[in-house]
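>
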Amino acid sequence: MTPALAGLAGRLKTILGPGGVITDPVRLRTYECDGLAYHRATPAIVVLPETTEQVAAVVRACDETGTPFVARGSGTGLSGGALPRTDGVLIVTSRMRRIIEIDVAGRRAVVEPGVTNLAITEAARPYGYYYAPDPSSQQICSIGGNVAENSGGAHCLKYGFTVNHVLAIELVAPDGEIVRLDAADPGYDLLGAFIGSEGTLGIATKITVRLSRAPEVVTTLLAAFRDVEAGGRAVSAIIGAGIVPAAIEMMDALAIEAAEAAVRCDYPPGAGAVLIVELDGPSAEVAHQFAQVDRICRDCEAFELRVADDPAERAAIWKGRKSAFAAVGRISPAYLVQDGVVPRTSLPAVLAGIEKLSARYGIRVANVFHAGDGNLHPLVLFDDTEEGAGERAERVSSEILDLCISHGGSITGEHGVGVDKSRYMPKMFTAEDLDTMQLVRCAFDPKGLSNPGKIFPTPRLCGEVPGVRKGVHPLVASGEAEQF
Amino acid sequence: MPPPNPPTPSTPSDPPDLSDSPGFPGPSGDALVASGVTIREAGSDDAVAGVTPRWVALPESTEEVAAVMRAAAEHDLAVVTAGSGTKLHWGPPPTRCDLMVDTCCLNEILEHVAGDLVVRVQAGVTVEALAAALAGAGQQLALDVPIEGATIGGTLATATAGPRRLRYGTARDLLIGITVVLADGTIARSGGKVVKNVAGYDLGKLFTGSQGTLGVITEATFRLHPLPAARAWVTATVPDLAGLPGLAAVAASQLEPSALEVDRPGPRAPLTVTALIEGVAADERAKATADLMGPTATITPTPPNWWSHLPTDHPTPPGTNLPPEPQIAASPDLPLAHRVPPGTDPERQAPPGTNPPPEAPVPLGEEAPPLEPRVPSEPHVADGEGFLMELRVPPGAVVRAFAAVGRAAEEAGGIAVHVRGSLASAVLHLALPPDTTAPAAETFVAALRSGVAADGGRLVVWTAPPDAAARLDRWGPVGAASLMRRVRERFDPEGRMSPGRLDVGPPPAANHGA
Amino acid sequence: MDPELIKDCVHCGFCLPACPTYTLWGEEMDSPRGRIHLMKQHVEGTPLTPEMAGHFDACLGCMACVTACPSGVKYDVLIESARAEVERVHERPPADRAFRALVFSLFPYPRRLRALRLPLRLAERITPRLRPLLERLDPRLAAMAELAPPVARPIWLPPRIAARGRRRAVVGMLTGCVQAEFFPRVNAATARVLAMEGCDVVIPPGQGCCGALSVHSGRAEEAARFARRTIETFERAGVDTVIVNAAGCGSSTKEYAELLSADPAWAGRAGALRFLDFAEFLAELGPAAERHPLPMTVAYHDACHLAHAQGIRAQPRALLGAVPGLELREVPDAAMCCGSAGTYNLFQPEAARELGDRKAEQVLTVGADLLVSANPGCTMQIASAARRHGEHVQVAHTAEVLDASLRALSPKTLTRPPKPSTPRSDPSLEPAPIPASGPALDPASGPGPGRGDAGTGTVGGERAR
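Protein chains in written order, with UniProt numbering: chain A, 1 to 484; chain B, 1 to 514; chain C, 1 to 465.
#1: Would you list, in sequence order, the uninterrupted beta strand (DSSP E) runs of no fewer than 3 residues that lie entirely inside the stretch 304 to 340 of chain C?
#2: Quick one: which residues of the stretch 168 to 196 of chain A get their C-beta closer than 9 Å to a C-beta of chain B? List them in chain order.
#3: Where DSSP assigns a beta bridge to Gln122 of chain B, which residues make up the other side?
#4: Does any residue of chain B have a CB that is nearer than 8 Å to the CB of Gly199 of chain A?
#5: Considering only their Cβ atoms, is the gap separating Val238 of chain B from Leu271 of chain B smaller than 8 Å?
#6: Whose C-alpha, out of C:Pro50, C:His389, C:Ser31, is nearest the C-alpha of Ala64 of chain C?
#7: From the DSSP secondary-structure annotation, give me the bridge partner or partners of Asn367 of chain A.
#8: Return the residue from the list A:Glu101, A:Gly270, A:Val307 that minimises the CA-CA distance to Val286 of chain A.
#9: With Tyr300 of chain C as the anchor, note down where its beta strand (DSSP E) starts and where it stops.
#10: Taking all protein chains shown into account, do 16 or more other C-beta atoms lie within 10 angstroms of the C-beta of Asp403 of chain C, making it buried, or fewer, making it exposed?
#11: Given a cut-off of 8 Å, decide if Leu157 of chain A and Asp373 of chain A are closer than it, judged by their beta-carbon atoms.
#12: Along the stretch 39 to 65 of chain C, where does the CB come closer than 7 Å to a CB of chain D? Name the residues.
#13: Taking only beta carbons into account, state which residues of the stretch 115 to 127 of chain A come closer than 7 Å to chain C, listed in chain order.
#14: Is DSSP giving His89 of chain B helix, strand or coil here?
#15: Count the other CB atoms within 10 Å of the CB of Glu232 of chain C; is the residue buried (16 or more) or exposed (fewer)?
#16: Step through the CB atoms of chain A and report whether any lies within less than 8 Å of the CB of Leu364 of chain B.
#17: Tell me where the beta strand (DSSP E) around Trp233 of chain B begins and ends.
#18: Under the assumption that Ala441 of chain B contacts Leu472 of chain B (Cβ atoms under 8 Å), give the Cβ distance between them as a whole number of angstroms.
#19: Just to make sure I have the definition right: I need the residues of chain C whose C-beta is within less than 9 Å of the C-beta of Gly329 of chain A. Which are they?
#20: Pull up the distance between the alpha-carbon of Arg97 of chain A and that of Gly388 of chain A, whole angstroms please.
#21: Along chain A, which residues have their Cβ under 7 Å away from the Cβ of Gln254 of chain B?
#22: Between the alpha carbons of Pro70 of chain C and Cys15 of chain C, how many angstroms are there, rounded?
#23: Taking only the alpha-carbon atoms, compute the straight-line gap between Phe182 of chain C and Trp156 of chain C and give it to the nearest angstrom.
#24: For Val215 of chain C, does the three-state DSSP call read helix, strand or coil?
#25: Going by DSSP, name the residue or residues bridged to Ser410 of chain A.
#26: What are the partner residues of Trp55 of chain B, as DSSP defines its beta bridges?
#27: Drop a sphere of 10 angstroms on the beta-carbon of Ser105 of chain C, count the other beta-carbons inside from all chains shown, and report buried for 16 or more, exposed for fewer.
#28: When burial is assigned at 16 or more other CB atoms within 10 Å of the CB, is Val43 of chain C buried or exposed?
#29: Quick one: using the 10 Å Cβ neighbour count with 16 as the cut-off for buried, is Thr95 of chain B buried or exposed?
#30: Let me know the secondary structure DSSP gives Arg72 of chain A once reduced to three states.
#31: Out of curiosity, what's the CA-to-CA distance linking Gly479 of chain B and Arg233 of chain A?
#32: Report yes or no: is there a C-beta of chain B within less than 8 Å of the C-beta of Phe429 of chain A?
#33: Which same chain residues, not among the five before or five after Pro342 of chain B, have their C-beta less than 6 Å away from its C-beta?
#34: Just curious, the beta strand (DSSP E) that Asp280 of chain A is in, first and last residue?
#35: Any idea what DSSP makes of Tyr22 of chain C, helix, strand or coil?
#36: Less than 7 Å between the CB of Met173 of chain C and some heavy atom of the ligand COA, yes or no?
Printed below as a string of structure tokens:
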């Protein structure tokens, strides 16, 4: 550790007490990666603050010493968004996990960032409410991480993402100032811009979320098809009928095989694809829509249909789907997960394209996807002990994203860009687009200390944004900012 | 902490620099014309909150907007963007205004893939034109706009929304991609045309509510929803605030109303609450909703005449705001706790065969009637002459907010404040009589802000007559004021985009960060 | 610490919320994912530092993470090998060494435990005054004193009990060390229920420790020694199915084949014996005896070594739920460890106490008449946590509840503190299938006035035998 960092560590200990600062190398290394273990960097210092004021004091110390910092919640992200800096401080919110308020009348809850997504739902459940966004990792992912990544989940087709359910945020800006962003504020929707900024605009320390009324009825239907194509036709027909299900999920044969191996989910034998359709809402509406979905699936040659109305039966249907990611470990020594999105009508073409890629490179691809919103999670399977397999898998993975972009889609639907996909950003956006995004970054974080190196491939420094702007920047002129 | 930005006095910009433009076109005008974009000289009809620009540009594409903006940048022209002008008088006037970019010719629907439930439009397309085009495919942009004729660009820039914000959210929730042109002519896009997308910063959010101060919105992509199979409105009236919580409970029910609106023409007037039920089983759910809303509840196939209108646009005189003729009796089996009006028999309000059967909710589809078919029956208050305010509180505080409005009106000498808006989302529009004096308005605003401060309420003054406007803090304290200023300075370092139209101030230091 | 097993962890973090120490401290290195990362560092060449050893020691071994893991990581195997490595290479401070030596020379030996009875009885009276002193001296000693259960009157169990009615099975029964010494009524109830359900119950005398405490503390050799002895004992008894009523013993006996895998002959002998949990066995056997009503509310606590290590959750609930009139209630956050965890509450008293407080608080919110669990450690832990806060939690083993139902006893026999009892059998207590025992073997523990009254942490009211 450099003397400067050692000095900073001492200062941080006065802020947090010795128990809140980690400098032991063995301990530090356990923080070297988040849920994407492929990228690793051991942080110089880890801090575990318990209050907003402590976070602000830590960030001020970083600002004053020019030390980069990275925020981390539960460390479950899949894009390396919480990858530490070896020359920086990792600010972990796992001790900020108080549920400050459940306001039933106002249908909102105020929580600290380390509270897990599911904990909010559990706290609200006795009142008949829940927190709608439900990423697969909901039992462990923190709401602070959800805010950073604008997390979605299986049910975001109907209910939207984190950004649609967060009403206010208290944050520590990269200069250490404590700011409150509120959906009720006039002017720019900074709240909306902050959500999904992957920790590059500051650290959320208090989050007000909307609570949703638990639906009267939830019905889950599992339909088995001979192939993905038939399942895809059913999805199009359901959407075409004007139905917005809470979720429509599809798994292909290989993904089903993995899930069976891991959790014995007991899906219909011989299925080339299964479709999970969940309908929720007022009972009269659900009953009507269920009849429609049932007919559509039969029309699309579903050879087996199962229906679940109670939580245990629903859990049985979801079991295979929810375990799919971890399950592929059982049929393949190693795998990469992608998170591309395509317009729903392009799904058949893109899936055919993925099949071709798979054949060309001799790499198996299991497909699990949110069919309703075109969010693909191709699991690219390979054997890491086999020479060159990793490279081929990388190539397949990368070409799948190219395929998504060429169909007008996106490189990430819910995992975030992080470090993992920043290199694809120039394929999706022009230099002007990225430079414009940098303007937001520079407004919040002119020194570039908050989670540097994420989202943007090679960010320009805040002083060198090109364009025809004239004269000296007012902040530079006033001495508030430096050009560097 | 920099000192708060004082509310900008509404002094019009200096007259155009005549050395630069001895007549149209002049050097900067030449440059504008040279951009290849249609340019015309501005007239008094083009005034922006009383400030008249020199030129009006009529670009037809994002590239043309960029060309005009580059020319404006070269000649240091201050730019205001206008759609159809329905809200151009909202907010403080610009401190400078040389060029108006009129988006009327950016009026194409660029792409509508029905199977994807996504549409990409130019900013000048009106909400009505878009709705008509989408209805053909049985789809809709689920965004109610309270003023007829508004464009997509203007709706985004002012972040306006209507009743169905409860179910579908507002423009920012439906916007999935945006194209903007910055002050220097840079064309930037963010988002895309897929609903689920977290790549990069969401510039669409940033530009929502930006009042033209960050750049020109030229294109927007939205997620769409299927048109509901049927709609029904359930209306109930309560004499005073005591009855409001019971009605607000509808929002918390499992009946999933798409909207829950309230209208109160004056501080002591009764409150009318209307819920909108949409979907396949709308009639059945409407009946259940009526049960919840008590004995005065009636179900109608069309909205009440004030629905999705601002109180200024359609002020309903007290006493005329009665619910429409009952179409169907309220619940036949009311719980005993509900008050039954004297002389009515709760058991037999709608005996079969004696009353016409309940009118079925209107089926919607290709021949669906537009959602707002009504023509305001009251004279429209001329632009800039009336008071229009927007009050937002947390939903749990909405009854207290009504009480606070009443107290503030009292304190200001008994102003007849008309309140209308979303009961469930607690976004309320307030109309003050146009003859309210400036000091009274000032007292009202200050009293109401302090009255809702404990609940974290916000009051924005969108329009006010000039003498009152000069004295009013339009925005009230905003926690993110300094971040907003820093963002604006990055996007528009020369301060040429709608300068002065969105100068918000921070809260007092004591409340800061609270 | 098998690198292949370490590699199975994909770092998803699903284990974090299940982990008691992560819940307490919010630190990565005190989570299963973090501990696996530490193991990885170690196998990649980082020496075992005192910090590393501390984080392994801090693991309760509750195995809730094994249940939570979607990738099937064998954390149970990993942490046991890590503990063994700690024991092998890590030099503990002298005070730690002395305390550990005390515990491991005491608990696995029933006779030594028995010898403790007198001092413990004395301690019951002086603990309140002694506590501050012990706390200052070593919080671990204080924890030991506080957890010590009230001294129970021993119950002699005959070597063989005949099935009541038609014989459906012949089973062995493991009496355990702590269970046998401190909770003899649980063993008696277990034997009675098995017999009433139609089993010949073989209870070989002179059983020792099964090795659970040792194997869960990284003392593999010691554990193997105990395992071999246990296997021999039951081989000699001539049974192939052995019923275990303590969750911790159940999980370690089920792992004998793995523990002894280095020696194929012994591994084979281990594999030939089938160790089954009491509830697991009864659920498999199906009911035969009549269940009499027990009108009471019961909260069921999942012992970690039953729920997580053996995956036995449904069976005890089903057994309890089948008792007429008995209302079963769930404890919130049921999968979370109570902090007892074998010897954990002795070695890590602060963390154990905090977890115990949380668990007791949640148990109390349920408002049940009785807390039922299948592990003596859990019941001691939760009852003593409640006691610290001036609350009273009445506890019982699943076997005792079934016993009461099968014998048509009143619920009060389970909820009332035990009365001083006479050693003689009372004919009115029939049907008591176990042959009447003679007076206790240990003269020191003969009946005495007031002795049984001290107990709040144990099952109350069950009359002798």
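We put the CB at the ideal spot given by N, CA and C, even for glycine.
Once the coordinates are examined:
#1: 326 to 330
#2: Ala168, Glu170, Ala173, Glu177, Ile178, Val179, Arg180, Leu181, Asp182, Ala183, Ala184, Asp185, Pro186, Gly187, Tyr188, Asp189, Leu190, Leu191, Gly192, Ala193, Phe194, Ile195, Gly196
#3: B:Glu219
#4: no
#5: yes
#6: C:Ser31
#7: A:Pro378
#8: A:Val307
#9: 296 to 300
#10: buried
#11: yes
#12: As a matter of chain content, chain D is missing from the structure shown, whose protein chains are A, B and C.
#13: Thr116
#14: coil
#15: exposed
#16: Note on Leu364 of chain B: pLDDT 41, under 50, position unreliable in the model; the coordinate value appears next. Chain A, which has no Cβ nearer than 8 Å to the Cβ of Leu364 of chain B, makes this no.
#17: 230 to 238
#18: 7 Å
#19: Asp8, Val10, Pro70, Ser71, Gly72
#20: 44 Å
#21: Arg213, Pro215, Glu216, Pro282
#22: 9 Å
#23: 13 Å
#24: helix
#25: A:Val341
#26: B:Glu41, B:Leu99
#27: exposed
#28: exposed
#29: buried
#30: strand
#31: 49 Å
#32: yes
#33: The predicted model places Pro342 of chain B with a pLDDT of 37, which falls under 50 and marks its position as unreliable, so this point remains unresolved.
#34: 273 to 281
#35: helix
#36: With respect to the ligand COA, the structure offers nothing, as it holds no ligand at all.
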